[in-house]
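Be aware that the sequence shown starts at 1, since it is given in full-length UniProt numbering, and climbs by one per residue.
We put the beta carbon where it would ideally sit given N, CA and C, even for glycine.
From a predicted model like this one, the values you see are computed outputs, not experimental measurements.
One structure is given here, and the rest of the page talks about it.
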Amino acid sequence: MTYNHKEIEAYWQAYWAEHQTYKSVNDFSKPKYYVLDMFPYPSGAGLHVGHPLGYIASDIVARYKRHQGFNVLHPQGYDSFGLPAEQYAIQTGQHPALTTAQNIARYREQLDKIGFSFDWSREVKTSDPAYYRHTQWIFIQLFNSWYNRATDKAEPIETLIALFEKGGNAGVDAPCDDDTPTFTAEQWKAFSEAEKQRILLKYRLTYLAETEVNWCPALGTVLANDEVVNGVSERGGHPVIRKKMTQWSMRITAYADRLLQGLDTIDWSESIKESQRNWIGKSVGASIDFVLAGGEHKVEVFTTRPDTLFGVTYLTLAPEHPLVLQITTEEQRAEVEAYIAATAKRSERDRMADTKTVSGAFTGAYAVHPLTAKRVPIWIGDYVLASYGTGAVMAVPAGDERDHAFAKHFKGAKGMPEMINIFDKDISENAFTEKEGMTYQNSDLLDGCTSFKEAFDKVLAALEAKGAGKAKVNYRLRDAVFSRQRYWGEPFPVYYKDGLPQMIEQQYLPILLPEVEKYLPTEEGNPPLGNATTWAWDTANHKIVSNELIDNQTIFPLELNTMPGWAGSSWYWLEYMMEKGDRALFPTKAVTDYWQNVDLYVGGSEHATGHLLYSRFWNKFLKDRGFVPTEEPFKKLINQGMILGMSAFVYRLEGTNTFVSKGQIKDQNVQPIHVDISLLKDTSDELDIEKFKAWRKEFADAEFILEEDGKYITGREVEKMSKSKYNVVNPDDICEQYGADTLRLYEMFLGPLEQAKPWNTAGISGVYNFLRKLWRLYFSDSSWQVTDETPTAEMLKALHKTIKKVNEDIQSFSFNTSVSQFMICVNELSALKCHHKAILEPVAILIAPFAPHIAEELWKHLGHTQSITYAPYPTHDDQYLQEESKEYPVSFNGKVRFKRAFPTDMPIAEIEKAILADPQTAEQLQGKAPKKVIVVPNRIINVVS
Numbered sequence: 001m002t003y004n005h006k007e008i009e010a011y012w013q014a015y016w017a018e019h020q021t022y023k024s025v026n027d028f029s030k031p032k033y034y035v036l037d038m039f040p041y042p043s044g045a046g047l048h049v050g051h052p053l054g055y056i057a058s059d060i061v062a063r064y065k066r067h068q069g070f071n072v073l074h075p076q077g078y079d080s081f082g083l084p085a086e087q088y089a090i091q092t093g094q095h096p097a098l099t100t101a102q103n104i105a106r107y108r109e110q111l112d113k114i115g116f117s118f119d120w121s122r123e124v125k126t127s128d129p130a131y132y133r134h135t136q137w138i139f140i141q142l143f144n145s146w147y148n149r150a151t152d153k154a155e156p157i158e159t160l161i162a163l164f165e166k167g168g169n170a171g172v173d174a175p176c177d178d179d180t181p182t183f184t185a186e187q188w189k190a191f192s193e194a195e196k197q198r199i200l201l202k203y204r205l206t207y208l209a210e211t212e213v214n215w216c217p218a219l220g221t222v223l224a225n226d227e228v229v230n231g232v233s234e235r236g237g238h239p240v241i242r243k244k245m246t247q248w249s250m251r252i253t254a255y256a257d258r259l260l261q262g263l264d265t266i267d268w269s270e271s272i273k274e275s276q277r278n279w280i281g282k283s284v285g286a287s288i289d290f291v292l293a294g295g296e297h298k299v300e301v302f303t304t305r306p307d308t309l310f311g312v313t314y315l316t317l318a319p320e321h322p323l324v325l326q327i328t329t330e331e332q333r334a335e336v337e338a339y340i341a342a343t344a345k346r347s348e349r350d351r352m353a354d355t356k357t358v359s360g361a362f363t364g365a366y367a368v369h370p371l372t373a374k375r376v377p378i379w380i381g382d383y384v385l386a387s388y389g390t391g392a393v394m395a396v397p398a399g400d401e402r403d404h405a406f407a408k409h410f411k412g413a414k415g416m417p418e419m420i421n422i423f424d425k426d427i428s429e430n431a432f433t434e435k436e437g438m439t440y441q442n443s444d445l446l447d448g449c450t451s452f453k454e455a456f457d458k459v460l461a462a463l464e465a466k467g468a469g470k471a472k473v474n475y476r477l478r479d480a481v482f483s484r485q486r487y488w489g490e491p492f493p494v495y496y497k498d499g500l501p502q503m504i505e506q507q508y509l510p511i512l513l514p515e516v517e518k519y520l521p522t523e524e525g526n527p528p529l530g531n532a533t534t535w536a537w538d539t540a541n542h543k544i545v546s547n548e549l550i551d552n553q554t555i556f557p558l559e560l561n562t563m564p565g566w567a568g569s570s571w572y573w574l575e576y577m578m579e580k581g582d583r584a585l586f587p588t589k590a591v592t593d594y595w596q597n598v599d600l601y602v603g604g605s606e607h608a609t610g611h612l613l614y615s616r617f618w619n620k621f622l623k624d625r626g627f628v629p630t631e632e633p634f635k636k637l638i639n640q641g642m643i644l645g646m647s648a649f650v651y652r653l654e655g656t657n658t659f660v661s662k663g664q665i666k667d668q669n670v671q672p673i674h675v676d677i678s679l680l681k682d683t684s685d686e687l688d689i690e691k692f693k694a695w696r697k698e699f700a701d702a703e704f705i706l707e708e709d710g711k712y713i714t715g716r717e718v719e720k721m722s723k724s725k726y727n728v729v730n731p732d733d734i735c736e737q738y739g740a741d742t743l744r745l746y747e748m749f750l751g752p753l754e755q756a757k758p759w760n761t762a763g764i765s766g767v768y769n770f771l772r773k774l775w776r777l778y779f780s781d782s783s784w785q786v787t788d789e790t791p792t793a794e795m796l797k798a799l800h801k802t803i804k805k806v807n808e809d810i811q812s813f814s815f816n817t818s819v820s821q822f823m824i825c826v827n828e829l830s831a832l833k834c835h836h837k838a839i840l841e842p843v844a845i846l847i848a849p850f851a852p853h854i855a856e857e858l859w860k861h862l863g864h865t866q867s868i869t870y871a872p873y874p875t876h877d878d879q880y881l882q883e884e885s886k887e888y889p890v891s892f893n894g895k896v897r898f899k900r901a902f903p904t905d906m907p908i909a910e911i912e913k914a915i916l917a918d919p920q921t922a923e924q925l926q927g928k929a930p931k932k933v934i935v936v937p938n939r940i941i942n943v944v945s
């Protein structure tokens, strides 16, 4: 019988679906193991062969754990809200729900073909109202919570109200808005209900605030920092400007310290942890006030080096700093306003990354140095960010490279002091140093200080004595903007009464997206939901009604923004814990107590400071409020590497339609052009000229300079797999030609999971041949040939060596070496003519996590009526791995000349005698007497002459 992968894979995929082989149940009596992939956004392009890499790895682990007796949860779903579907709807007029459903169907078809053991009964889609009702519910919980630093956790807002009623807010230690007033209990009680709500909004974990955002006029929406590249939107390349807007925000900064501490408790790569540490950016230093020369305003700066205060030459404010336009003199106003307009076009990410560009403007204003009373000029510069620290820095050109570059660039300009001692020094000659033993000579206050700490403490004490500064811990992390001016996202469960947000009671969730005719913002600039005609909340009847009925008495306008893409992905692992029939409520305590959190999470490293950070934040919040039992959502995280594509290039002579084969390029000016890899012949580098000419109209009349053998040879280069580079390989094609099992094994065989590696279709045939060789252990050309004969010691050794290796490899996620071991094992068993059931039955189980279709087929022919899925995984027996003899390399003066085997228990003296008596030794010695024979047991023999 021949190995027919098409029939086998189609049969078993249908079998698994019909029997719901991978459906997990909440059986609390069994040990659990939760395996999760970062769920995909279903794009219209479908999957290429790079996408399944992480899924295959997690599937191997899920299958392995089932074999070990664990109750495995291995679900899959779709992150189905998002900008791409909305943009497609704008371009084509198709509702995003329709295109999203089509894309999901395509993804599901492709995933099923690869044979993943997903529990599809627990599938989630973030755009499903049954799912996002819980996202809305979590938003309400955040709104109704505040962070109590005294207990170091989030608490219901009612506990904050109780503190206000008892003693006002002077003794309350909580993250809140900077402009929060201080009030007594009596004042609180005297506030109107609206005033109380405005105060509470300054403490809530989700709140409304005017925020600097990345605004994209062409897309009509706010973009996250990671959606802006080089000042334009990642999607479409449209200009992006910085703009102040009233937005919903999440007070993630309340959790900054816990987010840092939690990194020490989870098994993640150090690079991902470091990315999060840097993003959170904890700094210990001082807050210092510089009062303006007129005394009307003050500029607060944060610095980790208060000991450098006497080296301050000027202050730099972010262009967006609220004081800028208030303090700018009329003489400088035009220059300042022009600079602000220019910098609004640059994203924060670009400004942070740009260490070379020096630009700024002098405001004309001066501040007073808090300790020397000298006048300090105030500039603005886009190297300072409004969202980091206080949005202002004290510039010490002799101690900071950027300050130095800025001062040097503007040397001689109005408002920049002439300080020769700054400009004539290299940064390396910094007078302000943390190095122990360096004497500070910048002021009488610091004379004699010999350490950074001593100088730090002295300056801080002096500032505190004057009421001009205090110790402070600062974070780079900013509160997360949570509003998007889009249609295709979760609606907020919010209506507005007298301009203040009110939450809709949870029993009336979900608040469904309304139908709209246009997915663009309204002519008045409102978000797309402003186009909805039935988008008002009736508080008497608890339902959405026509906008025409709004009376601001019982019927009120609903929120027009929608939630960002990360809302639904910040808690989805919890929804998977519930069996589909039980999802009417948020996951119950019994269920979350059982599944706890994700044991293995597999996904891309690009989510280090977005999804992974927000997920940890939401999980910690839900833990505080008693909804989940663990601080961290993901115990172990593995970032799979990227599978790269092998691009192909043709070379066009500039200004012509003539193409030069790679080997014929001399000194001509040629233009390399990406060409679709499907236009190459078989898996070679040769271009199919006729297909190429038919590929695009402009190439129909192309001419070619060929190699001497008449072929056109393309250039090849490893690049990111992308449709724009025409180097995408469709997994459907691989499954059709070679089978899903071959695809799975080949992707694992390419190299270590976490490393990038190039795809080469030419290499896949070797893996396919391996599976056919495995098949021939069980089947002859005409029949089944497995016997019940007793296996030999060599067969048992080959098997148990493989069992030991594969178990170790799976546990260390070294899947590429497992595949290598399978190949070694099959070669050894083939050489031994092994057709013994006692060997081949465990071999089928061993390979099942990697190549489940062929394993199931072999298992069935071995006489089993149930799926191989839950068969116990083999464990090795050391007795079969004991060596009876050892082959020694025999060296003469350090050079290996021959090899000879000896029993492993043979005494060293006997080995020496046998070697000296060996004719090959005599040949090497040529009559010389050896000085000594060195025997390293079971390793080497060296004869010294």
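Query, Result
"Contacting residues, own chain, Cβ-Cβ under 8 angstroms from G927 (five flanking each side not counted)", "none"
"Residue interval of the beta strand (DSSP E) (run including V545)", "543 to 545"
"L325, buried or exposed, once every other Cβ within 10 Å from all chains shown has been counted against 16", "exposed"
"Contacting residues, own chain, Cβ-Cβ under 7 angstroms from K153 (five flanking each side not counted)", "D624"
"Own chain residues within Cβ distance below 6 angstroms of Q920, not counting five before or after", "F898"
"T656 classed as buried or exposed, judged by whether at least 16 other C-beta atoms fall within 10 angstroms", "exposed"
"As assigned by DSSP and simplified to three states, the class of L558", "strand"
"Backbone secondary structure at M577 - three-state DSSP", "coil"
"I764: first and last residue of the uninterrupted alpha helix (DSSP H) it sits in", "764 to 778"
"Supposed close pair T135, A567 - CB separation, criterion 8 angstroms", "5 angstroms"
"Distance between beta carbons of V481 and V240, contact taken as under 8 angstroms", "Contact doesn't hold; Cβ gap of about 14 angstroms is too wide."
"Enclosing alpha helix (DSSP H) for D593 [first to last residue]", "589 to 595"
"DSSP beta-bridge partners of P889", "K899"
"Nearest to F704 (by Cα), restricted to the options V935, D498, L687, D788", "L687"
"contact_flag[the segment 257 to 277, the segment 369 to 378] where n(CB pairs < 8 angstroms) is 3 or more", "no"
"Beta-carbon proximity check, L862 vs L829, cutoff 7 angstroms", "no"
"Exposure label - D179; buried when at least 16 CB within 10 Å", "exposed"
"Pick from I677, I138, I8 that is closest to I713, judged by C-alpha positions", "I677"
"Y147 Cβ short of 6 angstroms to the ligand GTP heavy atom set", "Judged by which ligands are present, the structure shown has none, so any question about the ligand GTP falls away."
"Exposure of K6, with buried meaning 16 or more beta-carbon neighbours within 10 Å", "exposed"
"Cβ shell of T221 (< 7 angstroms), same chain only, five flanking positions each side left out", "R484, Q485, R486"
"Coil, strand or helix - F310 by DSSP", "helix"
"Under 7 angstroms between C-beta atoms of residue 946 and R652", "With the chain represented from 1 up to 945, any question about residue 946 goes unanswered, as that position is not in the structure."
"Among L574, M503, V312, R305, nearest to F452 - alpha-carbon criterion", "R305"
"Reference C735; option with closest CA among T761, P752, K711", "T761"
"CA-to-CA distance, L205 to N144, given in whole angstroms", "8 angstroms"
"Burial state of T126, where buried means 16 or more other Cβ atoms lie within 10 Å", "buried"
"Bridge partner(s) assigned by DSSP for P156", "S145"
"Runs of alpha helix (DSSP H) wholly within the segment 244 to 280 (minimum 4 residues, chain order)", "256 to 262, 270 to 280"
"Paired residues, beta bridge with G603 - DSSP", "N639"
"Sequence-distant residues of its chain with Cβ nearer than 8 angstroms to residue 952 (five each side left out)", "Since the first residue of the chain shown is 1 and the last is 945, residue 952 is not available in this structure."
"Burial state of N816, where buried means 16 or more other Cβ atoms lie within 10 Å", "buried"
"Secondary structure of R696, DSSP reduced to three states", "coil"
"Within-7 angstroms CB hit, H48 to chain C", "No chain C is present in this structure, which holds just one protein chain."
"Between the CA atoms of P370 and A462 - distance to the nearest angstrom", "9 angstroms"
"Beta-carbon spacing of G391, F302 below 7 angstroms", "no"
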